[in-house]
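Taking this note's numbering, the leading residue of the sequence shown gets 21, the next gets one more, and so forth.
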Amino acid sequence: ATPDEIHQAFRRHSRLYHPDKHTDPVLKKKAEILFSRTNRAYE
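As structure tokens, this is what we get:
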């Protein structure tokens with residue numbers, strides 16, 4: 021994958037899994053975990 025494709029995928033997942041997007045506490049916790057994984061993978 022090109023750096024641009026990686027960046028686009030990161031942004032897409034960040035929007036999808038951002039904890040502030042979820043109000044249900046269970047979904048929010050799952051989103052926090054997935055968002056954290058997304059950030060670590062991008063680094």
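For every residue, glycine included, the Cβ atom is placed at its ideal position computed from N, Cα and C. Quantities reported herein were computed from a predicted structural model and do not represent experimental measurements.
Check	Outcome
Helix, strand or coil: how does DSSP classify E151 here?	Beyond the ends of the chain as shown, which are 21 and 63, falls residue 151; an answer cannot be given.
Would you kindly work out how many angstroms separate the C-alpha atoms of R35 and H27, rounded to a whole number?	12 Å
So, are the CB atoms of H33 and A51 less than 8 Å apart?	no
Between the alpha carbons of A21 and A29, how many angstroms are there, rounded?	10 Å
Is there at least one Cβ from chain C nearer than 8 Å to D44's Cβ?	No chain C appears in the structure shown, which is made up of a single protein chain.
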